[in-house]
Amino acid sequence: MSLTLSVAGRRAAAAALTAALLVPLAACSSDDTKKGTGGSPASGTASGAPAADLTVLAAASLTDVFKTAGAAYEKAHPGTKVTFSFAGSQELVAQVSQGSPADVLVTADTKSMDKVKADTGTPAIIAKNRLVIATGEGNPHKVDDLKDLADTEIKVVLAAPEVPAGKYSKQILDAQKITVKPVSQEPNVRAVLSKVELGEADAGLVYKTDAESAKDKVDAVEIPDAQNAVAQYPAATLKDSKNAEAAAAFVAWLSSPEGQKILQDAGFQKP
8 MSLTLSVAGR RAAAAALTAA LLVPLAACSS DDTKKGTGGS PASGTASGAP
58 AADLTVLAAA SLTDVFKTAG AAYEKAHPGT KVTFSFAGSQ ELVAQVSQGS
108 PADVLVTADT KSMDKVKADT GTPAIIAKNR LVIATGEGNP HKVDDLKDLA
158 DTEIKVVLAA PEVPAGKYSK QILDAQKITV KPVSQEPNVR AVLSKVELGE
208 ADAGLVYKTD AESAKDKVDA VEIPDAQNAV AQYPAATLKD SKNAEAAAAF
258 VAWLSSPEGQ KILQDAGFQK P
């Protein structure tokens, strides 16, 4: 009888020991899955953010830098694809209001973003910018400052008043009591730049980064800070996004050291 009890006792002890060992192992496995160590889920990326096809609605002035940023982000997040749709901020806001499917919105001013605050998460300012006077290469009309834009012999093109760049342009011209009669008002700042590049206008007000992107075709006349305006770029996730976690990861990355370096290397200022 004592032998039978001893074997039974040993079996019970062994079972108890096995159970005790399995508990911490299971906990470690659970923690590793949560932390992404020891192998992340197949649907995730190296950073832990889920892989997804993201659609980003972005202000036209971000065209060049976001193409660079998108490529860098995709490289750092295998399995994720970022597709951009660039337009004037007012057009992007209209798209969001109409329910166009997208994941992230980045505008060139806070007022545009405020118009769709019911449709977005909390915005984060990712960059700032300033205006310059873009002229033809070599500045053939010798434009030196804002006052020269009032000369009716100089063909000036501006962004439309409802466009952020148009609002900033009006703000600085009004502050200096300068009246400009533009030959055209464009739907976004890149259209203004294009008019100057093609020689269809002698001068136009664009962002510093736009002029920098076309420095082999246009000259940039600096505007003193005291006469200038500061453009702010807010980025936010869209509440109707089907990739909420991945969208939030992209917005956060724009404020990361890597994202900020790409923006600042392109001439954007720190937020």
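Residue numbering for the sequence shown follows this note's numbering, beginning at 8 and increasing consecutively. Beta carbons: idealized from backbone N, C-alpha and C, even for Gly. Owing to the predicted nature of the structure, the values given are computational and were not obtained by experimental measurement.
Outcome for residue i when other beta-carbon atoms lying within 10 angstroms are tallied against a minimum of 16
i       : result
Ala-242 : buried
Gln-105 : exposed
Thr-62  : buried
Lys-184 : exposed
Asp-116 : buried
Leu-32  : Note that Leu-32 has pLDDT 33, beneath the 50 cutoff, so the model's placement of it is unreliable and the number below is only indicative. Flag for Leu-32 reads exposed.
Thr-129 : exposed
Leu-165 : buried
Leu-205 : exposed
Glu-193 : buried
Candidates the options: closest to residue i by CA position
i       : options                            : result
Ala-221 : Asp-151, Tyr-240, Arg-197          : Arg-197
Pro-264 : Ser-68, Lys-74, Ser-104, Tyr-80    : Tyr-80
Leu-261 : Pro-278, Asn-250, Ser-248          : Pro-278
Ala-131 : Leu-69, Ile-140, Thr-244, Thr-159  : Thr-244
Asp-5   : Gly-128, Asp-60, Ala-253, Pro-168  : Shown here, the chain extends from 8 to 278; a query on residue 5 therefore has no answer.
Leu-64  : Lys-224, Val-213, Val-225, Phe-73  : Phe-73
Ala-67  : Ala-172, Asp-121, Val-103          : Ala-172
Ala-227 : Leu-99, Ile-140, Ala-101           : Ile-140
Glu-229 : Gln-192, Val-164, Val-150, Ala-125 : Val-150
Pro-57  : Ala-251, Val-258, Ala-273, Gly-266 : Ala-251
Gln-234 : Asp-121, Asp-126, Gln-102, Lys-177 : Lys-177
Lys-82  : Gly-266, Val-100, Thr-159          : Gly-266
Val-163 : Thr-142, Val-170, Ile-179          : Thr-142
Leu-99  : Gln-239, Ala-273, Asn-195, Lys-246 : Asn-195
Asp-272 : Ala-94, Asn-136, Asp-223           : Asn-136
Ser-119 : His-84, Tyr-240, Thr-70, Val-213   : Tyr-240
Beta-carbon proximity check, residue i vs residue j, cutoff 7 Å
i       : j       : result
Leu-200 : Tyr-175 : no
Thr-114 : Ser-96  : yes
Phe-275 : Ala-134 : yes
Ala-210 : Ile-161 : yes
Val-203 : Val-225 : yes
Lys-246 : Asp-126 : yes
Rounded distance between the beta-carbons of residue j and residue i, thought under 8 Å
i       : j       : result
Ala-255 : Ala-59  : That pair is no contact at about 11 Å.
Ile-179 : Ala-236 : 5 Å
Lys-188 : Thr-159 : 7 Å
For this session: Evaluate contact between the stretch 83-99 and the stretch 128-146, counting only Cβ atoms and requiring at least three cross-stretch pairs below 8 Å.
Result: no
For this session: Give a yes or no on contact between the stretch 107-116 and the stretch 215-230, applying the rule of three or more CB pairs nearer than 8 Å.
Result: no
Exercise. Given 8 Å as the limit, is there contact between the stretch 72-79 and the stretch 149-167, that is, 3 or more CB pairs closer than that?
Worked result: no
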